[in-house]
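Numbered as in my numbering, the sequence shown ends at 521 without a single skipped number. Each remark here refers to the structure printed beneath this line.
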Amino acid sequence: MVVAWAAGVAGMPGLARAEWISSGPFGGSAEIVRVVPRAPGLVLAATANGLLYQSRNGGASWTRLPFPPQFAGTLHALEVDPRSSGTWYAGMESQNPAIAGVYKTQDAGATWQPLAGLQGQSVWALALWPGDPRWIAAGTAAGVFLSGDAGASWRRISPESNHELRPVVSLAFDPADRGILYAGTLHLPWRTRDGGADWESIHSGMIDDSDVFSIAIPPGSRESVFASACSGVYRSANGGASWTRLNTPRGAFRAYLVAVDPAHPEVVFAATSAGLLRSRDRGAAWTTVTPQVVRSIAFDPAHPEKIFLASSTAGLLISRDGGRTVAEFNTGFVNRNFTAVAAAGPALYAASVYEPGSGGIFRSLNRGLRWERVAGPPGENILHLAAAPDDPKLLFAAGYRGLFRSTDGGNTWAKPIAAPEGGSIKALAPLAGARLLAGTADGLFAFSRNAWTAVALPARAAIDELQTSPGGALAALTAAGAFRSLDGGRSWAACGQPAPETVWYGLAFDSA
C-alpha cells in the first residue's frame with residue numbers, strides 16, 4: 010500500500026502523537042556554553058540559529074529547551090544571573106524588528122519574555138556586573154545600553170552621534186567598579202570610567218581597524234585586561250590604556266575569544282584560527298589544545314578542573330584536566346542540516362550539508378544506535394542518498410556535480426558519474442543488482458552498468474520523490490500525481506488521486 014502525505018488548501022490535518030527518540034548523528038555547530046552556578050550539573054548551550062539546550066548531568070547528555078525566536082535570527086549572547094539559577098538572558102540579532110532584542114527567562118527556560126526597552130535592537134553582546142547582576146550592559150548595532158533593574162528599563166550610555174562606537178560586539182565590566190565598562194567594536198576597543206558619561210578609544214598598541222571579539226579581566230586584577238581580535242591576542246597592564254600583541258603559534262593570527270581561568274588566573278585560553286590555545290604564563294607561551302574552532306568557554310565553579318567549550322566544528326567539548334585535553338560530549342545535542350537518509354538492513358546513512366569541518370556522510374551499522382562519520386565525496390554537498398537493498402555497502406550519493414558511487418559503505422568514492430538527461434538529480438531509489446532509479450526535472454531514468462536509460466511513466470513530468478518498499482514496490486511522486494511499479498520500475502501505473510486542489514508533500518509505504 011502506498012500512503013501519500015498531502016495538505017489541502019484548508020491546511021494540514023491533525024498529526025497523531027508519537028514518541029520519538031533522538032539517536033544522532035549528534036554534533037554540529039555550537040556558539041555559546043554557560044554553567045549555571047547555583048544549580049550543580051546544569052549547563053546551557055546555544056547555537057547561532059537560536060537552538061537552546063540544557064544538560065542536567067554535567068554535559069553527559071543534552072535536551073532541547075523551548076526558545077521562541079529560534080531560526081528567526083542570530084543568537085549572539087547568553088548570560089546567567091549568578092545569584093538566581095533560573096534567570097537567564099539571551100541577545101538576538103534579526104532583520105525582523107519583532108525578533109531582535111533581549112529575551113529573559115525567570116523559570117529556567119520554560120518561558121521567555123522579550124524586554125521592551127531593547128525590542129528591535131540587534132543585540133551582539135551582554136554583560137552582567139558581578140557585584141550586582143541587576144546591572145546589565147547590552148552591546149547593540151546602535152551602541153551600548155545599560156539597565157540597573159535586571160532589564161526592566163534601559164538607557165543608551167554611548168553617544169548616538171559616535172558612529173565609531175558601534176556595533177558593539179563584546180563587553181566586560183570592571184569586577185570592582187560598575188562604572189568602568191570595556192566595549193569592543195568592529196573597529197577598535199573603547200572604555201568608559203564613569204558609567205557611560207564619557208568614552209575614550211583605547212587602541213594604543215593594537216593594529217588599526219581590529220575587530221575586538223572579546224574582552225576578559227582576570228579575577229582580582231583590575232588593571233590586567235585581555236582582548237581577542239581579528240589581528241590576534243592582546244594584553245594590557247594598565248586597564249586598556251596600551252596593549253601588547255602576544256606571540257601565538259603560526260596560523261593563529263585571528264582570535265575569536267580570550268578567556269582567563271578564574272581558579273588559575275595565570276592560565277589563559279585563546280580560541281584562534283589555528284585552534285584552541287592554552288597558556289600557563291598569562292600569554293607568554295602557548296600550547297595547542299585542539300584544532301577545532303572554539304566560540305565559547307565556560308568554567309565550572311564547583312569543579313575547578315572542568316571546562317566546557319562550544320565549537321562551530323565539533324559541537325560541545327568538555328575538559329576534565331583544566332583544559333589540557335578535550336573530548337566531544339554531544340549526546341542529545343544536534344545542530345545539523347540533514348538532506349538525506351538511506352537504509353539497507355541494519356545499515357543507516359545520513360547526509361548533512363553546509364557544515365565545514367563537521368558535516369558530510371554519517372554511517373550506522375546497528376540501526377542508529379551509534380554513528381560514525383565517513384569520507385564523503387571531496388568538496389561535495391550531498392543532497393540524496395541510496396543504499397542497495399541487497400548490498401548495504403553499495404551506496405549512491407547525488408550532489409551538485411552528479412552521481413557518486415561507493416562500494417565500501419562510504420569509505421571511498423569513484424569519480425562522479427554525469428547526471429542523466431534533465432539536469433540535476435532530484436530523487437533516488439535503489440534497486441537490487443546494483444541498479445538505481447533517478448528522478449530529474451525531465452522525468453525518470455534507470456542507471457545500470459554505468460549507463461542511463463529513460464523510463465516511461467503514464468504522464469511525463471518532473472520527478473519530486475521516489476520511494477521503495479521493503480517488498481520491492483516503487484512509488485514516484487510528480488506534479489501530475491503519484492505512480493507505482495511492482496516489477497522493479499519496468500512498468501508503471503497511476504495511483505488514485507486526492508482532490509484536485511491538494512498539495513502533495515511526500516510518499517511513504519505502509520509496512521503492512
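We put the CB at the ideal spot given by N, CA and C, even for glycine. Computed from a predicted model, the values in this text were never measured in an experiment.
| Check | Outcome |
| --- | --- |
| Along the chain, where does the beta strand (DSSP E) that runs through E381 open and close? | E381 to V383 |
| Measure how close the beta-carbons of V234 and Y191 come, nearest whole angstrom, since I'm counting them as under 8 Å. | 7 Å |
| Which word fits D183, buried or exposed, when buried means at least 16 other C-beta atoms lie within 10 angstroms of its C-beta? | buried |
| Which of the three DSSP states, helix, strand or coil, is assigned to G448? | strand |
| Count Cβ pairs between the segment 160–179 and the segment 192–205 that sit closer than 8 Å; are there 3 or more? | yes |
| What's the gap between the Cα of A396 and the Cα of H212? | 58 Å |
| For a quick check, are the C-beta atoms of A349 and A360 less than 7 Å apart? | yes |
| Can R410 and P425 be called in contact, C-beta distance under 7 Å? | yes |
| What residue does the beta strand (DSSP E) around A280 start on, and which one ends it? | V277 to T281 |
| Which ranges does the beta strand (DSSP E) cover as unbroken runs of at least 3 residues, wholly within the segment 19–105, from first to last along the chain? | 41–44, 52–55, 61–64, 72–74, 83–89 and 97–102 |
| For S170 and W208, which I take to be in contact (beta-carbon distance under 8 Å), what is that distance rounded to the nearest angstrom? | Actually they do not touch by this definition, with Cβ atoms about 11 Å apart. |
| Whose C-alpha, out of Q104, V132 and P46, is nearest the C-alpha of A117? | P46 |
| State buried or exposed for A503, treating a residue as buried only when at least 16 other CB atoms are found within 10 Å of its CB. | exposed |
| Beta-carbon separation of F317 and I327 under 7 Å? | yes |
| DSSP state of L531, grouped into three classes? | This structure cannot speak to residue 531, because the chain is shown only from 10 to 521. |
| Just curious, the beta strand (DSSP E) that P401 is in, first and last residue? | D400 to G408 |
| Return the CA-CA distance between A25 and A463, expressed in angstroms with no decimal places. | Legend: pLDDT at A25 = 43, less than 50; position of this residue unreliable, no value from coordinates given. |
| Hey, could you find the ends of the beta strand (DSSP E) R458 is sitting in? | Element bounds for R458: n/a, residue is neither H nor E. |
| Going by DSSP in three states, G292 sits in which element: helix, strand or coil? | coil |
| Please determine if the segment 68–75 and the segment 93–104 are in contact, where contact requires at least 3 C-beta pairs separated by less than 8 Å. | no |
| From G515, S64 and F76, pick the residue whose C-alpha is nearest to that of W120; which is it? | A quick correction: the sequence has Thr, not Trp, at residue 120. Measuring from the Cα of T120, the nearest candidate turns out to be F76. |
| Helix, strand or coil: which one does DSSP assign to L495? | coil |
| Going by CA-CA distance only, name the one from F456, S433 and L437 that's closest to R444. | F456 |
| Given S31, which residues of its chain have a CB within under 8 Å of its CB, disregarding the five upstream and five downstream residues? | G341 and V343 |
| Would you list the one or two residues that DSSP bridges to K113? | Y98 and Q122 |
| Hey, out of G50, G497, V132 and G452, whose CA is closest to G480's CA? | G497 |
| Whose C-beta lies closer than 7 Å to the C-beta of E275 among residues of the same chain, with five residues either side of it excluded? | R289, D290 and R291 |
| Within 10 angstroms of its Cβ, does S500 collect 16 or more other Cβ (buried), or is it exposed? | exposed |
| Give me, in chain order, the residues of the same chain whose beta-carbon lies closer than 6 Å to that of G419; leave out the 5 immediate sequence neighbours on both sides. | I370, R372, V383 and L404 |
| Going by DSSP, what residues sit across from H393 in a beta bridge? | A407 |
| State the Cα-Cα distance for the pair E173 and T194, rounded to the nearest angstrom. | 8 Å |
| What residues in its chain sit with their C-beta under 7 Å from that of G157, if we drop five residues either side in the sequence? | R143 and W144 |
| Within 10 Å of its beta-carbon, does R164 have 16 or more other beta-carbons around it, so buried, or fewer, so exposed? | exposed |
| To the nearest angstrom, how far is it from the Cα of A491 to the Cα of A323? | 41 Å |
| If you run the structure through DSSP and keep just helix, strand and coil, what is L483? | strand |
| To which residues of the same chain is T296 closer than 6 Å at the C-beta, ignoring the five residues directly before and after it? | R287 |
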